[in-house]
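Taking it in order: structure first as structure tokens, then the write-up.
Residue numbers (the working numbering): 49 to 257.
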């Protein structure tokens with residue numbers, strides 16, 4: 049799980065370098081990373097790893113005083129969404145190889161942003177910590193803005209990018225307020241602990257959060 053996340057990070061760092069050196073074929077090389085991740089997650093389903101509530105967990109302390117730790121969880125639901133994100137990510141990268149008929153000046157930056165977007169979406173899906181999930185959410189907001197505004201010289205592109213940024217930013221702020229209220233009222237900061245919510249739902253302030 050974390051190996052795949054690190055591999056996606058490495059791919060996003062290496063992508064702009066390779067795009068400058070060997071051009072569009074880099075998209076095919078980078079696409080192999082989410083494709084491999086797709087195959088790995090699919091194999092977990094095939095082996096029945098997620099049967100009867102099975103899950104893969106990983107946790108590392110980062111900022112415990114702020115309840116922000118590197119908590120990751122891969123279960124059947126997050127595995128399903130991982131298949132969607134990784135599969136679509138690989139297809140988009142393969143499509144870019146054929147879409148760009150040359151090597152535009154900004155292609156290296158675009159390739160890095162696209163690979164990073166796949167990484168951030170995967171990180172968002174496997175996050176078990178609410179605040180870590182929010183961090184990944186905001187990263188998707190920034191990257192969405194940058195990707196949509198690729199043709200920044202066009203007014204339509206700028207408007208679409210600004211609209212995407214506003215929607216995701218305001219949505220993210222609302223989510224952050226809810227996370228803080230919920231965490232303060234319940235001391236629950238992990239998605240895997242949300243089952244306790246049923247016993248706490250009657251507590252004042254919880255429903256609002």
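Think of the CB as a built atom: it goes at the ideal place given N, C-alpha and C, for glycine as much as any other residue.
None of these values were measured; they are calculated from a predicted model.
The Cβ atoms of residue 170 and residue 134 lie closer than 8 Å to each other. At the C-beta level, residue 162 and residue 210 stay beyond 8 Å of one another. Beta-carbon to beta-carbon, residue 79 and residue 138 are separated by about 5 Å, close enough to satisfy the 8 Å threshold. Around the beta carbon of residue 235, fewer than 16 other beta carbons sit within 10 angstroms, so the residue counts as exposed. Taking residue 141 as the centre and dropping the five residues before and after it, the same chain places the C-beta of 75, 78 and 79 closer than 6 Å to its C-beta, in chain order. In the structure shown, residue 120 falls within a strand segment according to DSSP collapsed to helix, strand and coil. Following the DSSP letters along the chain, one finds residue 205 inside the alpha helix (DSSP H) bounded by residues 203-234. Pairwise C-beta distances place the segment 166-181 in contact with the segment 114-124, as three or more of them are shorter than 8 Å. Contact check for residue 50 against residue 93 fails: the beta carbons are separated by 8 Å or more. Linking residue 55 to residue 82 through their CA atoms gives a straight-line distance of about 9 Å. Close CB contacts of residue 89 within its chain, under the 6 Å cut and outside five residues either way in sequence, are with 127, 130 and 131 (chain order). In the structure shown, the three-state DSSP call for residue 49 is coil. When secondary structure is reduced to three states using DSSP, residue 186 falls in the helix class. A residue is called buried when at least 16 other Cβ atoms come within 10 angstroms of its Cβ; residue 167 meets this threshold and is buried.
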